[in-house]
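Sequence positions in the sequence shown follow this note's numbering and run 5 to 250. Glycine included, each C-beta is placed from N, C-alpha and C at the ideal position.
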Amino acid sequence: MNRIFIKLAYKGTNFFGWQIQPNHPSVQSEIESVLGKLNGGKEVKITGCGRTDTGVHSSEYYAHCDLPFEMEKDQLIYKLNSMLPMDIVIQDILEVEAEAHARFDATNRTYHYFIHQSKDPFIDEISWYRKPDLDIESMNKACLMLVQHKDFECFSKVKTDVTNFLCDIKNAIWIKSEKGYIFSITANRFLRNMVRAIVGTMIEIGEGRMSLEEFQIVLDSRNRSEAGQSVPAKGLFLAKIEYPYL
């Protein structure tokens, strides 16, 4: 069997995240179902580069599997795309070394969060509508504070199975876009709900409801209740995954 990386993208609106959930649709279950059909009804398991929560999207995602049948690359991409729902697109199939791992080999991950300021029914499922202007100069000062920090327990879900809350944030920035604002953040790993909690807290800074000094107190607190509310999932995209061999 050849190990392959599947490069894909998906709109998460109709899914309960990437990972298989009992009695709920997920991106993983949809792809495994189609691969199983192509394998003559025999199960094919895939491993994703990470979890995404219900309603979260991905413009770049990787999963790996050991392909138990032979099929030319372009034909496999065509068959997968023709059988999968419109919410999921297979972009590429890459043959990798037998030990390559979509989750454990990823060195960096980048998330984007989109906010639009004018009512727009065409992007409402992939961006958060929020009209007020934000002070992104102050928010970007908070981004510099994020990069210097290491323990992000204050932005993590309370009930989680991780052994530590350490993350190496490489960069974080707010950008004013044509429709509103885009937040971009890159790190070696992220905790559950971390990006949405960071965005919600920084919006308080952008509205003048939290000072940079108070933001530092939040970072040092290691207490989720000190941070702001999580923003809606629909504006969040897993945007880029980096590997040393791709």
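C-beta contact flag for residue i and residue j at 8 angstroms
i	j	result
residue 107	residue 51	yes
residue 104	residue 153	no
residue 40	residue 48	yes
residue 29	residue 19	yes
residue 138	residue 210	yes
residue 84	residue 38	yes
residue 203	residue 162	no
residue 228	residue 160	yes
Nearest residue (CA-CA) to residue i, options the options
i	options	result
residue 197	58, 223 and 76	58
residue 91	60, 140 and 6	60
residue 140	208, 15 and 160	208
residue 178	189, 102, 172 and 169	189
residue 146	17, 219, 201 and 211	219
residue 6	74, 34, 46 and 119	74
residue 240	199, 151 and 215	199
residue 191	176, 157 and 81	176
residue 132	149, 102 and 118	118
residue 129	100, 238, 226 and 82	238
residue 46	223, 71, 148 and 122	71
residue 81	121, 122 and 35	35
residue 164	172, 148 and 194	194
residue 144	180, 136 and 127	180
residue 260	212, 233 and 186	Residue 260 is absent from the structure shown; the chain starts at 5 and stops at 250.
residue 11	43, 100 and 42	100
residue 205	16, 9 and 231	231
Residues of its chain near residue i, where Cβ-Cβ distance is below 7 angstroms and the 5 sequence neighbours each way are ignored
i	result
residue 13	62, 63, 64, 65, 93 and 95
residue 170	154 and 155
residue 246	110, 111 and 112
residue 24	30, 32 and 33
Bridge-paired residues (DSSP) for residue i
i	result
residue 50	For residue 50, which the question treats as bridged, DSSP gives no partner whatsoever.
residue 188	116 and 177
residue 9	68 and 98
residue 93	13
residue 25	28
residue 133	120
residue 155	170
Continuous beta strand (DSSP E) stretch holding residue i: start and end
i	result
residue 246	240-246
residue 65	61-71
residue 146	From DSSP, residue 146 is part of no beta strand (DSSP E) but of the alpha helix (DSSP H) over 140-152.
Host alpha helix (DSSP H) of residue i (start-end)
i	result
residue 37	31-42
residue 85	77-87
residue 165	First-last for residue 165: undefined, no H or E at that position.
residue 221	216-225
residue 208	198-210
Same chain, Cβ closer than 6 angstroms to residue i, five either side skipped, listed in chain order
i	result
residue 244	64 and 114
residue 173	150, 151 and 191
residue 184	119, 120 and 121
residue 102	7
Sequence-distant residues of the same chain with beta carbon closer than 8 angstroms to residue i, five excluded per side
i	result
residue 226	155, 157, 158 and 169
residue 88	34, 35, 38 and 94
residue 216	142, 145, 146, 149 and 209
residue 260	Missing from the structure shown is residue 260; the chain here goes from 5 to 250 and no further.
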